[in-house]
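Read the structure below first, then the notes.
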Amino acid sequence: MAQQYWELCYLGIAEGILRQHYLEAAEQWLMLSLEKHTTASAHLLLGRVLLDLNRPQDAMVSLQAALNGGLLLRQVAPYLAEAAYINGDYDTAREYIAYFPEQKGERLSQIKELWG
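Under full-length UniProt numbering, residues 1 to 116 are what the sequence shown spells out, in order.
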């Protein structure tokens with residue numbers, strides 16, 4: 001359920017109050033899921049939802065749990081960098097940006113080049 005709610009928001013199908021409702025519903029479903037079975041992918045998705053809810057500090061906790069659960073830093077780094085940037089922690093954001101891919105033309109590599 002959480003994934004479906006997230007997709008509606010990520011794809012831009014839900015807007016305004018409905019988008020907020022879907023993000024909050026996704027958070028609730030993810031929290032229920034994590035109470036029963038903790039997975040790194042659920043923590044990653046929760047971190048992304050929390051970022052969209054403008055709760056970067058909560059997102060950092062969930063994203064760190066995703067890392068501790070076995071995801072690679074390069075999978076989580078863009079979201080950790082975003083959370084650090086929103087919090088005004090630009091040094092930490094720069095540290096995470098260092099893990100972005102090097103592929104030319106990719107948005108993450110462009111960000112890395114700008115911040116590098």
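Glycine residues also receive a C-beta, built at the ideal position from the N, C-alpha and C atoms.
Through-space distance from residue j to residue i, alpha-carbon basis
i	j	result
F100	T92	14 Å
G70	M31	19 Å
T39	L67	10 Å
L63	E24	17 Å
L45	L34	11 Å
L108	P78	8 Å
Y10	Y22	11 Å
W6	Q57	19 Å
I86	R55	9 Å
Q75	A81	11 Å
L53	I13	16 Å
Cutoff 9 Å: residue i Cβ touching any chain B Cβ
i	result
L80	Included in the structure is just one protein chain, with no chain B present.
Unbroken alpha helix (DSSP H) run spanning residue i, endpoints
i	result
G70	It is not in any alpha helix (DSSP H) - G70 carries neither H nor E in the DSSP assignment.
D89	Element bounds for D89: n/a, residue is neither H nor E.
I111	107 to 115
A42	40 to 52
A98	Element bounds for A98: n/a, residue is neither H nor E.
Contact under 9 Å by Cβ, residue i with residue j
i	j	result
V61	A26	no
Exposed unless 16 or more other CB atoms sit within 10 angstroms - verdict on residue i
i	result
A98	exposed
L114	exposed
Y90	exposed
E15	exposed
G88	exposed
L72	exposed
Distance between beta carbons of residue j and residue i, contact taken as under 8 Å
i	j	result
A65	H43	4 Å
A59	A83	5 Å
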